[in-house]
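Visitor: Structure incoming, see below.
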Amino acid sequence: MTWFRVIGRRGLLMLAAGVCGLALVVGALAVGLPQLAAVSSPAESRLLPVYCTDREGKVVSLTFDAAWGAEDTDRLIEIFDTYGIQVTFFVVGEWVDKFPDEVKKLHEAGHEVMNHSDTHPYMSKISEAERAAELRSCNDKIEAITGVRPTLFRPPYGDYSNAVIRSVEAADMTCVQWSVDSLDWKDPTPEEMIRRVTGKVKSGDIVLFHNAAKNTPAALPAIIEYLQKEGYTFLKVSEMLYDGEYTINHEGRQCKAD
Numbered sequence: 006m007t008w009f010r011v012i013g014r015r016g017l018l019m020l021a022a023g024v025c026g027l028a029l030v031v032g033a034l035a036v037g038l039p040q041l042a043a044v045s046s047p048a049e050s051r052l053l054p055v056y057c058t059d060r061e062g063k064v065v066s067l068t069f070d071a072a073w074g075a076e077d078t079d080r081l082i083e084i085f086d087t088y089g090i091q092v093t094f095f096v097v098g099e100w101v102d103k104f105p106d107e108v109k110k111l112h113e114a115g116h117e118v119m120n121h122s123d124t125h126p127y128m129s130k131i132s133e134a135e136r137a138a139e140l141r142s143c144n145d146k147i148e149a150i151t152g153v154r155p156t157l158f159r160p161p162y163g164d165y166s167n168a169v170i171r172s173v174e175a176a177d178m179t180c181v182q183w184s185v186d187s188l189d190w191k192d193p194t195p196e197e198m199i200r201r202v203t204g205k206v207k208s209g210d211i212v213l214f215h216n217a218a219k220n221t222p223a224a225l226p227a228i229i230e231y232l233q234k235e236g237y238t239f240l241k242v243s244e245m246l247y248d249g250e251y252t253i254n255h256e257g258r259q260c261k262a263d
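Using our numbering, the first residue of the sequence shown is number 6, and each one after it goes up by one.
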């Protein structure tokens with residue numbers, strides 16, 4: 006019995022069709038037809054916000070997130086005036102709505118007022134259109150009071166993703182985090198906060214505090230006095246960051262391009 010009689014005419018035709026199909030696939034791959042060739046793309050590089058900079062010469066930025074009350078604003082301004090320093094406030098648009106006079110006071114005292122979103126959402130969990138609206142609305146509110154449109158954005162909860170950073174960049178802004186956290190929102194004692202901050206600060210660091218945190222006004226004078234005694238100069242974040250070309254390394258440190 007021959008192999009032809011075993012598989013039959015129908016089987017032979019199916020075998021032939023399969024061979025021809027395989028030949029077509031192999032040929033298509035050989036010439037690179039896109040509809041047949043599998044395309045693999047490399048994983049997207051992880052984007053990072055600025056956590057700190059590589060600036061030398063003992064410089065530091067103090068920053069304050071404002072999303073809660075405003076009862077400490079006058080006291081904070083008084084402390085900064087006493088020591089002759091200026092800082093950066095990242096404010097939520099809803100906070101601006103409630104306390105426009107406080108925003109004006111901060112600006113007139115020489116402190117910079119930057120964007121901390123409009124409603125304090127997790128930015129990575131909302132759509133691109135919603136992120137754009139959060140940034141734009143807060144910027145509009147700040148600019149209406151200060152006459153200056155913010156260039157820096159700090160994401161609520163420190164929550165970010167590649168998509169968040171791209172949204173910030175699309176708004177011509179820079180995404181900024183922090184490298185030293187006072188943890189004042191946990192209500193540590195002033196002494197605990199002083200030890201934590203002074204024990205960690207290095208040149209180029211960005212330190213996080215909050216407006217309306219319980220013990221921050223009590224801790225600030227000792228922190229500022231210690232850093233000044235150590236030779237630190239206080240810069241607003243916009244002054245700390247590099248203009249022009251820069252890179253951000255794996256730890257979020259902004260480095261001036263060679």
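Ideal placement from N, C-alpha and C gives every residue a C-beta, glycine not left out.
Is the beta carbon of VAL242 closer than 8 Å to that of SER122?
Guide: no
Visitor: Do TRP73 and ALA217 have their C-beta atoms closer together than 8 Å?
Guide: Yes, the Cβ-Cβ distance between TRP73 and ALA217 is below 8 Å.
Visitor: Please work out which residues of its chain come closer than 8 Å, Cβ to Cβ, to SER172, disregarding the five sequence neighbours upstream and downstream, and give them in chain order.
Guide: If the five residues before and after SER172 are omitted, its C-beta is found closer than 8 Å to the C-beta atoms of MET128, GLU133, ARG136, ALA137, LEU140, all from its own chain and listed in chain order.
Visitor: Where do the N-terminal and C-terminal ends of the beta strand (DSSP E) with THR68 fall, by residue?
Guide: For THR68, the enclosing beta strand (DSSP E) starts and ends at 64–71.
Visitor: Quick check: what's the CA-CA separation for PRO160 versus VAL181?
Guide: 8 Å
Visitor: Of the residues ASP77, ILE147, THR124, which one's Cα is nearest the Cα of PRO105?
Guide: ILE147
Visitor: From VAL108 to GLY89, what distance separates their C-alpha atoms?
Guide: 19 Å
Visitor: Just how far apart, CA to CA, sit SER174 and TYR162?
Guide: Per the sequence shown, the amino acid found at residue 174 is Glu instead of Ser. If I take the Cα positions, the gap works out to 19 Å.
Visitor: Taking the straight line between their C-alpha atoms, what separation do you get for PHE85 and THR221?
Guide: Rounded to whole angstroms, PHE85 and THR221 show a C-alpha spacing of 13 Å.
Visitor: Please go through the same chain and pick out, in chain order, the residues whose beta-carbon is closer than 8 Å to the beta-carbon of ALA168, but skip the five residues on each side of it.
Guide: SER129, GLU133, ARG136
Visitor: DSSP has CYS57 in a bridge; who is on the other side?
Guide: CYS57 is bridged to ASP210, ARG258.
Visitor: Tell me the rounded alpha-carbon separation between ASP77 and PHE95.
Guide: 15 Å
Visitor: When burial is assigned at 16 or more other CB atoms within 10 Å of the CB, is LEU29 buried or exposed?
Guide: Only weak support exists for where LEU29 lies, its pLDDT of 34 falling under 50; the value from the coordinates is given anyway. The residue in question, LEU29, is exposed, as its Cβ has fewer than 16 Cβ neighbours within 10 Å.
Visitor: For the alpha helix (DSSP H) that contains GLU83, what are its first and last residues?
Guide: 78–88
Visitor: Measuring CB to CB, does VAL101 end up less than 8 Å from ILE131?
Guide: no
Visitor: Can you name, in chain order, every residue of its own chain whose Cβ lies under 8 Å from the Cβ of VAL31, other than the five neighbours on each side?
Guide: Only weak support exists for where VAL31 lies, its pLDDT of 35 falling under 50; the value from the coordinates is given anyway. There are no such residues.
Visitor: For LEU157, which of helix, strand or coil comes out of DSSP?
Guide: strand
Visitor: Quick check on HIS116: does DSSP put it in helix, strand or coil?
Guide: It is coil, neither helix nor strand.
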